[in-house]
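So the number in this note's numbering is just where the residue sits in the sequence shown, counting from 1, plus 333.
In this text, a Cβ means the ideal position worked out from N, Cα and C, and glycines have one as well.
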Amino acid sequence: MKSIIQKLIQLRNPNFKFDEALNSLALVQFIWIQIGYICRGLKVLFLLRKPKGMMLGKGVSFFNSSKIKWGKFLRLGNQVYVSALSKNGIHFGDNVSIGAFSRVIVCTSLNDIGDKIVIGSNVGIGEFAYLGGAGGLKIGDECIVGQYLSCHPENHNYEKTSIAIRHQGVSRKGIDIGKNCWIGSKVTILDGVKIGAGSIIAAGSIVTKSFNENSIIGGVPAKLLKTRPNE
């Protein structure tokens, strides 16, 4: 049975192999949980959409689902909320995994709807992420992300002291994260930031400016620590 399940999982992750120390009870529990995810994924049939192997945790919900597109084997953990109130929607590539209690929200404003969120293929994002997309958010292929990632591609205008900040509107530049990045837990990325491909962001960093590819960055605010060698 273990070999059969392993081959099924390899359809989503070709490099996957069960650890030899995995006990039978844990494997049975794992299979039972996955069956639940797959069954809940079938609910998108009621939206006249193809699941494409989608796996949904408990309490997953969608808003404006007609503007949400997904590739094969999308996995959303328990209580994930995806809202595509936007101009250009949300697109998930193949083999995307979003951890439990995360929020993928382009915009919440009905009078100034946001741009889009694009998440590439083979991207894994940990629990409790907040992915905003008002000014546009792009995460490239093969990125791995720890828990509590927070992306905010929008800023409030505040120049006029005679007017409440909430009435001064917003500015939007967007966030672009290149492919094959490793982002540690509790990282915050602010509007206008571009992260080059192959970069690493240390846990707890607040990223306020852009960095070139293969950068290793960290701190509050984040700064360049060193550059990965090209090999």
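Item: Closer than 8 angstroms to chain B by CB, F396; Value: Among the chains in the structure shown there is no chain B, since it carries only a single protein chain.
Item: Three-pair Cβ contact test at 8 angstroms for the stretch 457-466 versus the stretch 482-491; Value: yes
Item: Member of G473, Q362, G410, K506 whose CA lies at the smallest distance from the CA of G453; Value: G473
Item: Cβ-based neighbour list, V520, same chain, cut-off 6 angstroms, excluding 5 preceding and 5 following; Value: L482, I534, S538
Item: Cα-Cα separation, I401 to A417; Value: 6 angstroms
Item: Proximity of K449 and I423 at Cβ, strictly below 8 angstroms; Value: yes
Item: Exposed unless 16 or more other CB atoms sit within 10 angstroms - verdict on M387; Value: buried
Item: Burial state of P486 (16 or more Cβ within 10 Å); Value: buried
Item: Beta bridge counterpart(s) of N488 as assigned by DSSP; Value: S504
Item: Proximal residues to F351 (C-beta, below 7 angstroms), its chain only, five neighbours per side dropped; Value: K335, Q339
Item: Buried/exposed call for W403, threshold 16 Cβ in 10 Å; Value: buried
Item: Integer Cβ distance of N490 from D524, believed to fall under 8 angstroms; Value: With a Cβ gap of about 12 angstroms, N490 and D524 do not count as contacting.
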